[in-house]
Each structure stands twice: as C-alpha cells, then as structure tokens.
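What follows is one structure encoded as structure tokens, with my remarks underneath.
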Amino acid sequence: MKEVKHEVLELYGRWRLIARHKGTDKIAKVIEGDNLIVTVGKTMVGDALIDAAAQWDTGLTYCALGANSGAPAVGETQLVDEGGGAAMRKTITSKTRVVNEITLSTFFTAAQSTPV
1021 MKEVKHEVLE LYGRWRLIAR HKGTDKIAKV IEGDNLIVTV GKTMVGDALI
1071 DAAAQWDTGL TYCALGANSG APAVGETQLV DEGGGAAMRK TITSKTRVVN
1121 EITLSTFFTA AQSTPV
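Printed below as a string of structure tokens:
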C-alpha cells in the first residue's frame, strides 16, 4: 500500500505576563515568550484526535474522497462532490498512536476511488 501523505501537526504555546502599577492599573511592563509543550501534552492531543479509550467522544471520524480538483476553502467542512459521483466518505477503520505519532487508516476499493 502506498502512503499518500505524511503531515505534521506542530503544537506551540506562548505566554504573556502583564505587570501593572498598584492603584492606577496602568501597564508598567509586558513580557512574552515561548512555552514548552511537554510530551504528555502532545500525547493527550493525539489521544483526543483518535478518541483513545472512547473517553472524549470526539476525534477524527471520517476519511473522504472528492471529485473536484480545486483547492478547498478554509471554511469548508465537506469536500466538493462528496457523496455524489466518484466521491466517497467512509468511517476511519483504524486509529493508532505510537508515542506522538497517530496513524489513521481507511480502505477504498479501486471502483470507489476512480472518477467516473
């Protein structure tokens, strides 16, 4: 089986400290910096994406193929032509996490994945 795409989800955090003058509430100083996202935090995000142990009732549920060659828009929640023609939406059949990497698998037959 050929791996189609390997994408990386990067997590980062920022912090901000605001110091104010006593009594006036006027801002005296603002300090900002990067925050470390520890391994247990990354593990929790991965577990939420695959709904490990069915504890969140969330996660990625479907994999879909669409028949449109145009780029998707940010606000779209469904592929163009999904559910009609050559488009197909199926439940993800396998969800695993090893350390901080999740793998999602769905099987489409040749007929399901070939445009009409």
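Every position in the sequence shown, counted from 1, becomes a number in this note's numbering once 1020 is added. Ideal placement from N, C-alpha and C gives every residue a C-beta, glycine not left out. Just so it is clear, the structure is predicted and the values come from calculations on it, not from any experiment.
query                                                                                             : result
Where the beta strand (DSSP E) through K1115 begins and ends                                      : S1114 to V1118
V1060 Cβ short of 7 Å to the ligand ADP heavy atom set                                            : Here there are no bound small molecules, and the ligand ADP is not part of this structure.
Given V1050 as reference, the closest of W1035, K1062, T1063 and I1057 once Cα atoms are compared : W1035
Selection from A1039, G1061, T1097 and S1125 that minimises the alpha carbon distance to E1052    : A1039
Beta-ladder partner(s) of M1108, from DSSP                                                        : L1085
Where G1066 sits in the DSSP three-state scheme                                                   : helix
A1131: first and last residue of the uninterrupted alpha helix (DSSP H) it sits in                : A1130 to S1133
Three-way DSSP call (helix, strand, coil) for V1058 in this model                                 : coil
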